[in-house]
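See structure below.
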Amino acid sequence: DRRIMQMKIEREALKKETDVASRDRLKTLERELAELEEQSATLTAKWQEEKKSVQDVQSIKEQLDKARAEVEVAQRKGDFAKAGELSYGVIPGLEKQLKAIEEKDSSNLANESVTPEQIAAVVSRWTGIPVDKMLEGEREKLLHMEDALENRVVGQSEAVRAIANAVRRARAGLQDPNRPIGSFLFLGPTGVGKTELTKALAAFLFDDDTAMVRIDMSEFMEKHAVARLIGAPPGYVGYEEGGVLTEAVRRRPYQVILFDEVEKAHSDVFNVLLQVLDDGRLTDGQGRTVDFKNTVIILTSNLGTELLSQGEETREARAAVLQAVKAHFRPEFLNRLDEIILFHRLTRANMDKIVEIQMGRLTKLLADRKIEITLDKKATEWLANAGYDPVYGARPLKRVIQRRLQDPLAQLLLEGKILDGSHVKVSTGKNGLTINGIEFASSDDDLEVDHSPQQSRAVH
Numbered sequence: 024d025r026r027i028m029q030m031k032i033e034r035e036a037l038k039k040e041t042d043v044a045s046r047d048r049l050k051t052l053e054r055e056l057a058e059l060e061e062q063s064a065t066l067t068a069k070w071q072e073e074k075k076s077v078q079d080v081q082s083i084k085e086q087l088d089k090a091r092a093e094v095e096v097a098q099r100k101g102d103f104a105k106a107g108e109l110s111y112g113v114i115p116g117l118e119k120q121l122k123a124i125e126e127k128d129s130s131n132l133a134n135e136s137v138t139p140e141q142i143a144a145v146v147s148r149w150t151g152i153p154v155d156k157m158l159e160g161e162r163e164k165l166l167h168m169e170d171a172l173e174n175r176v177v178g179q180s181e182a183v184r185a186i187a188n189a190v191r192r193a194r195a196g197l198q199d200p201n202r203p204i205g206s207f208l209f210l211g212p213t214g215v216g217k218t219e220l221t222k223a224l225a226a227f228l229f230d231d232d233t234a235m236v237r238i239d240m241s242e243f244m245e246k247h248a249v250a251r252l253i254g255a256p257p258g259y260v261g262y263e264e265g266g267v268l269t270e271a272v273r274r275r276p277y278q279v280i281l282f283d284e285v286e287k288a289h290s291d292v293f294n295v296l297l298q299v300l301d302d303g304r305l306t307d308g309q310g311r312t313v314d315f316k317n318t319v320i321i322l323t324s325n326l327g328t329e330l331l332s333q334g335e336e337t338r339e340a341r342a343a344v345l346q347a348v349k350a351h352f353r354p355e356f357l358n359r360l361d362e363i364i365l366f367h368r369l370t371r372a373n374m375d376k377i378v379e380i381q382m383g384r385l386t387k388l389l390a391d392r393k394i395e396i397t398l399d400k401k402a403t404e405w406l407a408n409a410g411y412d413p414v415y416g417a418r419p420l421k422r423v424i425q426r427r428l429q430d431p432l433a434q435l436l437l438e439g440k441i442l443d444g445s446h447v448k449v450s451t452g453k454n455g456l457t458i459n460g461i462e463f464a465s466s467d468d469d470l471e472v473d474h475s476p477q478q479s480r481a482v483h
């Protein structure tokens, strides 16, 4: 009924619009509204019928209790005729009626008791804790966790496997319950999927990409900035506001916490992190204890990754990166992490899959306008070749897609050469991509700009 009310409000708003998309949406909305109202009427009738059955059951049970009590009274008084009538006539008749009603098939729209699933749904809606998701075949879901993560993260099977194993340990009860679900240090060059894996993990565990808080550690380079994590002490400016870290977790206890570029933080920050990694809790500036036991802690760093960008990724190069990490971070900090994960550089073979993922996102953006877009094999290869750079990872590809596909597409949309509800075919021509046969030339100079360091400073 709430959904029907929302759709009726939307229908009234759309009636005032005159564009084609709004009229199409209005037709779709009216069709969906009619279907929902029909479903609502059917369910309401069924609910009324089941409610009557529940009331009948309650009434019969009350009559049974009353009849059994009257049997005892009649026996004590010596009124055996009445006792026999009740015992062999009235009570069996009521029991037969009760059995007939209880055996009647129903879909539990009206119950005498609240089910665990209903409680889970209410708890999830009130608290933001995904209790209902925990009940949905979690065992099967956890066993196939790698597949779900690799749909979004390409070429990092070792990292995905390490994350999945840690989560399965925690869910199986084989990990210290007083620590976070998992704590990881992600090492690797720019653009290899460190942040994307974090988002994929948040979506998998909590069914929401936004179930994460990202803290840029370059903002905590000074000693006094540490107080911003847990909140200012009494008497200082910002005492009422709470800490960036503690307040985020206190308000949403089930989420992924990403500490980005952790090597830039002041050394005192790690004193705060030690307590989180060890005890799974922190006390904020106002004296409240914040529980981190239902969070996943992820730290990213670029330490030593220039060694991986200078040629082939050898065992010696990976060992040198780990040595650089050990030289920078204190042993007691590294010792509390569950895993130190080194991400691989992306290869040319990975780029085709990344093109598919990026195009999937573009398809979702165009879906509101009912525009379908397809790339042929040549266009996919062209984008993969133009966007591949072993030093900067997948970020140049994103910029190539923006400049070589999205910019021309936006121009054609504004010019009216591509209309809502149409089909867009992308292929290649002599000098670049073609959109519905219209070629948009690209220059080598532009592609070099796409790979330049100045354009690749985006945070992981």
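In the working numbering, the protein residues as written are 24 to 483. Ideal Cβ placement from N, Cα and C applies to all residues, glycine included.
Between Ser445 and the rest of its own chain, which residues show a CB-CB distance below 7 Å, the 5 nearest in sequence each way excluded?
As a working mapping, residue 445 is identified with position 422 in the sequence shown. Around Ser445: Ile394.
Grouping DSSP H, G and I as helix and E and B as strand, with all else coil, what is Leu326?
For the purposes of this step, residue 326 is taken as the residue at position 303 of the sequence shown. Coil at Leu326, not helix or strand.
Kindly indicate which residue of Arg273, Phe209, Ala340, Arg311 has the alpha-carbon position closest to the one of Glu284.
The residue you call residue 284 lines up with position 261 of the sequence shown. Nearest option by C-alpha distance: Phe209.
Ignoring anything shorter than 3 residues, give me the beta strand (DSSP E) runs that lie fully in the stretch 196-272, in order along the chain.
If we require 3 residues or more, the beta strand (DSSP E) runs fully inside the stretch 196-272 come out as 205-210, 235-239.
Who are the near neighbours of Leu385 in its chain, counting only those whose CB is closer than 8 Å to its CB and skipping five residues on each side?
Along the sequence shown, read from residue 1 onward, the residue named residue 385 stands at position 362. The answer, listed in chain order, is Ile396, Ile424, Leu428, Gln429.
Cα-Cα, which of His351, Asn358, Arg251, Ile280 is closest to Leu297?
Position 274 of the sequence shown holds residue 297. Of His351, Asn358, Arg251, Ile280, the residue nearest in Cα terms is Asn358.
Going by DSSP, what residues sit across from Gln278 in a beta bridge?
On the sequence shown, residue 278 is found 255 positions in, with the first residue counted as 1. DSSP, once it has assigned bridges, lists Thr318 as partnering Gln278.
Tell me whether Val414, by its Cβ, gets closer than 7 Å to a heavy atom of the ligand SAM.
With respect to small molecules bound, the structure shown includes none, and the ligand SAM cannot be examined in it.
In three-state terms, what does DSSP make of His446?
On the sequence shown, residue 446 is found 423 positions in, with the first residue counted as 1. Here His446 sits in strand by DSSP.
With a cut-off of 8 Å, do at least 3 Cβ pairs link the stretch 165-185 to the stretch 365-380?
Contact holds: three or more Cβ-Cβ distances are below 8 Å.
Would Glu245 be called buried (16 or more neighbouring beta carbons within 10 Å of its own) or exposed?
Taking the sequence shown and counting its residues from 1, one reaches residue 245 at position 222. So Glu245 counts as exposed.
If I measure Cβ to Cβ from Val348 and keep anything under 8 Å in the same chain, skipping five residues before and after, which residues do I get?
Numbered from its first residue, the sequence shown carries residue 348 at position 325. Excluding sequence neighbours, Val348 sits near Leu208, Leu210, Ser324, Leu326, Gly327, Leu357, Ile363.
Just verifying my parser: in three-state terms, what is the DSSP assignment at Asp79?
Looking up residue 79 in the sequence shown gives position 56. It is helical.
Which value, in whole angstroms, describes the spacing of the CA atoms of Arg311 and Glu169?
For this step, residue 311 is matched to residue 288 along the sequence shown. For this step, residue 169 is matched to residue 146 along the sequence shown. Near 37 Å, if we compare the C-alpha coordinates of Glu169 and Arg311.
List the endpoints of the continuous beta strand (DSSP E) containing Gly455.
If you number the sequence shown from 1, residue 455 lands on position 432. From DSSP, the beta strand (DSSP E) with Gly455 extends over 455-458.
Going by DSSP in three states, Asp283 sits in which element: helix, strand or coil?
Indexing the sequence shown from 1 puts residue 283 at position 260. Reduced to three states, the DSSP call for Asp283 is strand.
Since Asp307 and Ser206 should fall inside the 8 Å C-beta cutoff, what is the C-beta to C-beta distance between them, to a whole number of angstroms?
Numbered from its first residue, the sequence shown carries residue 307 at position 284. Numbered from its first residue, the sequence shown carries residue 206 at position 183. Wrong, their Cβ atoms sit about 20 Å apart, outside the cutoff.
In terms of residue numbering, what span does the alpha helix (DSSP H) encompassing Glu355 cover?
The residue given as residue 355 occupies position 332 in the sequence shown. Element bounds for Glu355: 354-357.
Report the rounded CA-to-CA distance for Gln278 versus Val236, giving the unit in angstroms.
Here residue 278 corresponds to residue number 255 of the sequence shown, with the count starting at 1. Here residue 236 corresponds to residue number 213 of the sequence shown, with the count starting at 1. Cα-Cα distance, rounded: 7 Å.
Return the residue from the list Arg251, Asp232, Ala68 that minimises the CA-CA distance to Asp239.
Along the sequence shown, one-based indexing puts residue 239 at 216. Closest option to Asp239, Cα to Cα, is Arg251.
Rounded to a whole number of angstroms, what is the C-alpha to C-alpha distance between Ile124 and Val80?
As a first step, residue 124 is located in the sequence shown; it is residue number 101 there, counting from the start. As a first step, residue 80 is located in the sequence shown; it is residue number 57 there, counting from the start. If I take the Cα positions, the gap works out to 7 Å.
Considering only residues of the same chain and omitting the five flanking positions on each side of Val295, which have a CB-CB separation below 6 Å?
By 1-based counting over the sequence shown, the position of residue 295 is 272. Closer than 6 Å at the Cβ level, and outside the excluded window around Val295, lie Leu252.
Nearest-angstrom Cα distance between Asp469 and Ala185?
As a first step, residue 469 is located in the sequence shown; it is residue number 446 there, counting from the start. As a first step, residue 185 is located in the sequence shown; it is residue number 162 there, counting from the start. Model confidence at Asp469 stands at a pLDDT of 47, short of 50, so the residue's coordinates are unreliable and nothing is read from them.
Using CA atoms only, rank isn't needed, just tell me which of Ser290, Val319, Asp301 is closest to Ile280.
Numbered from 1 along the sequence shown, position 257 holds the residue referred to as residue 280. The shortest C-alpha separation from Ile280 is found at Val319.
Tell me which same chain residues have a C-beta within less than 7 Å of the C-beta of Ser45, skipping the five on either side of it?
Translated into the one-based positions of the sequence shown, residue 45 becomes position 22. So the list reads Leu37, once near-sequence residues are dropped.
Using a Cβ-Cβ cutoff of less than 7 Å, which residues in the same chain neighbour Gly416 once the five nearest sequence positions on both sides are dropped?
Here residue 416 is taken as the residue at index 393 of the sequence shown, counted from 1. Pro212, Thr213, Gly214, Val215, Leu369, listed in sequence order.
Drop a sphere of 10 angstroms on the beta-carbon of Gln381, count the other beta-carbons inside from all chains shown, and report buried for 16 or more, exposed for fewer.
Within the sequence shown, the letter at position 358 stands for residue 381. Buried is the call here.
Starting from Arg304, follow the beta strand (DSSP E) in both directions and report where the run begins and ends.
Looking up residue 304 in the sequence shown gives position 281. Counting along the chain, the beta strand (DSSP E) containing Arg304 begins and ends at 304-306.
For the beta strand (DSSP E) containing Thr41, name the first residue and the last one.
Locating residue 41 in the sequence shown gives position 18, where the first residue counts as 1. Per DSSP, Thr41 belongs to no beta strand (DSSP E) and is neither H nor E.
Thinking just about the alpha-carbon of each residue, which of Lys69, Leu305, Thr337 is nearest to the one in Val272?
On the sequence shown, residue 272 is found 249 positions in, with the first residue counted as 1. Nearest of Lys69, Leu305, Thr337 to Val272, Cα basis: Leu305.
Within 10 angstroms of its Cβ, does Val344 collect 16 or more other Cβ (buried), or is it exposed?
As a working mapping, residue 344 is identified with position 321 in the sequence shown. With 16 or more other Cβ atoms within 10 Å, it is buried.
Would DSSP call Val313 helix, strand or coil?
On the sequence shown, position 290 is the one that residue 313 refers to. Strand.
Tell me whether Trp405 is buried or exposed, calling it buried when 16 or more other Cβ atoms sit within 10 Å of its Cβ.
Translated into the one-based positions of the sequence shown, residue 405 becomes position 382. Burial call: buried.
For Arg202, which residues of its own chain have a beta-carbon under 8 Å away from its beta-carbon, when the five flanking residues on both sides are left out?
Position 179 of the sequence shown holds residue 202. Around Arg202: Leu300, Asp301, Asp302, Gly303, Lys316.
Count the other CB atoms within 10 Å of the CB of Glu219; is the residue buried (16 or more) or exposed (fewer)?
By one-based count along the sequence shown, residue 219 stands at place 196. Per the 10 Å Cβ criterion, buried.
From what residue to what residue does the alpha helix (DSSP H) around Leu389 run?
Numbered from 1 along the sequence shown, position 366 holds the residue referred to as residue 389. Unbroken alpha helix (DSSP H) run through Leu389: 371-390.
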